[in-house]
Amino acid sequence: MSDQSPAARVEGLGSAHSGTAHFFRQRVTAVALVPLAIWFAVSAFHLIGADRDAAIAFLHAPVNCVLMALFVIAAVVHMALGLQVIIEDYAHGEGSKLVLLVLNTFFAWLVGAACVFALVKIAV
Amino acid sequence: MPEQAKSAGAKPRPLSPHMQIYRWPVTMATSIVHRATGLALSAGTLLVAWWLVATAMGDAQYDLFSTVARSPLGQLVLFGFVWSLAYHLLNGIRHLAWDVGYGFAVQTASRTGVLVFTLSIFVAIAVFVYAYAAKGMHL
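Sequence lines, in order, name chains U and C. Sequential numbering from 1 applies to the first sequence in our numbering. Sequential numbering from 1001 applies to the second sequence in our numbering.
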């Protein structure tokens, strides 16, 4: 506290320059993922051994399509936040850390976009 | 003091606890496993994406996914995925309880940690037993 400049104390953002935004988003997505992950697990279990027509019929239903999209989006955001912390903990060079953080963002967007593309293709 | 000075030369002085010789408290194990299962689930998102994209693309792609998922290696990976999801979900609820101020006592944290380990293993095994028995799955 006492080693912070007055401006830093007023902004309240700490050494990571982002305040509690990361912490808060990690929790909000976690809370959302409790019911969504349970729904996903039950749904995936329900589709064990199903042929493609049955899987499409399931994902074509509006409620399932929206819930699957919500699950995927909440999961990739939660994943990106979690992997970011792991990278920040273990990547010590500023350069390698930056590269890994950018790749982390790309990975989350790529997985999220692929899943949403598939859901849209099935839905329309 | 003179005795200590003498023995200091003869014996190596104690070091601070090192990972290999440290008896892991339950809470330490649950913490590192939470991170490890998070990492595993990150890889697991690729499986979810593969499944959704294969379903959207066509019968050939869907059959390829099914074949790989049913293979012994696929089943092993899926078991790891199911257990990781069960563990990360249950331990995540434990973390959320801490966030609102519950379960911080050392004994409580250790007990809920053991509970999470036990339940997650039970859930993963139950899912596979039920899938093989009721759904008629076989390798």
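Positions of the beta carbon are idealized from the N, C-alpha and C atoms, including for glycine.
Item	Value
To the nearest angstrom, report how far apart residue 123 (chain U) and residue 92 (chain U) are at their CA atoms.	44 Å
Give every residue of the same chain whose Cβ lies closer than 6 Å to the Cβ of residue 111 (chain U), excluding the five residues on either side of it in the sequence, and list them in chain order.	76
Check whether the segment 1113–1123 of chain C and the segment 1074–1094 of chain C touch, using three or more Cβ-Cβ pairs below 8 Å as the test.	yes
Taking only the alpha-carbon atoms, compute the straight-line gap between residue 9 (chain U) and residue 113 (chain U) and give it to the nearest angstrom.	39 Å
On the criterion of 16 or more Cβ atoms from any shown chain inside 10 Å, does residue 1065 (chain C) qualify as buried, or is it exposed?	buried
What is the DSSP secondary structure of residue 1005 (chain C), reduced to helix, strand or coil?	The pLDDT assigned to residue 1005 (chain C) is 48, lower than 50, so where the model puts this residue is not dependable; a value taken from the coordinates is nonetheless given after this. Residue 1005 (chain C) falls in the helix class under three-state DSSP.
I need the DSSP call for residue 92 (chain U), collapsed to helix, strand or coil.	coil
Considering residue 58 (chain U), what are the terminal residues of the alpha helix (DSSP H) in which it resides?	52–60
Residue 1122 (chain C): which of C:1084, C:1041, C:1135 and C:1053 sits nearest, CA to CA?	C:1084
Quick one: does residue 126 (chain U) have its CB under 8 Å from some CB of chain C?	What is shown of chain U runs 1 to 124, which leaves residue 126 (chain U) out entirely.
Find the nearest neighbour of residue 1120 (chain C) within the set C:1046, C:1086 and C:1068, judged by alpha-carbon distance.	C:1086
By the criterion of Cβ-Cβ separation under 8 Å, what are the contact partners of residue 37 (chain U) in chain C?	1085 and 1089
Consult DSSP for residue 1128 (chain C) and reduce its assignment to one of helix, strand or coil.	helix
Should residue 1131 (chain C) be flagged as near chain U, meaning a C-beta pair shorter than 8 Å?	yes
Below 8 Å, can you find three or more Cβ-Cβ pairs linking the segment 1011–1029 of chain C to the segment 56–64 of chain U?	no
Using the Cα positions of residue 23 (chain U) and residue 1058 (chain C), report the straight-line distance between them to the nearest angstrom.	40 Å
Using 8 Å as the threshold, is the segment 1030–1044 of chain C in touch with the segment 33–50 of chain U, meaning 3 or more CB pairs across them?	no
When you compare the CB positions of residue 1052 (chain C) and residue 119 (chain U), do they come within less than 8 Å of one another, or not?	yes
Please check the pair residue 115 (chain U) and residue 85 (chain U), which I expect to be a contact at CB under 8 Å, by giving their CB distance rounded to whole angstroms.	Going by Cβ atoms, the distance from residue 115 (chain U) to residue 85 (chain U) rounds to 23 Å, so no, they are not a contact pair.
Can you tell me the Cα-Cα spacing of residue 1028 (chain C) and residue 70 (chain U), whole angstroms?	32 Å
Please work out which residues of its chain come closer than 8 Å, Cβ to Cβ, to residue 1103 (chain C), disregarding the five sequence neighbours upstream and downstream, and give them in chain order.	1094, 1097, 1109 and 1112
Are the C-beta atoms of residue 1055 (chain C) and some chain U residue less than 8 Å apart?	yes
According to DSSP, is residue 1100 (chain C) helix, strand or coil?	coil
Which complete alpha helix (DSSP H) runs does the segment 1040–1074 of chain C hold, if anything under 4 residues is left out?	1059–1070
So that I know if they touch, is there some Cβ in chain U lying closer than 8 Å to that of residue 1011 (chain C)?	no
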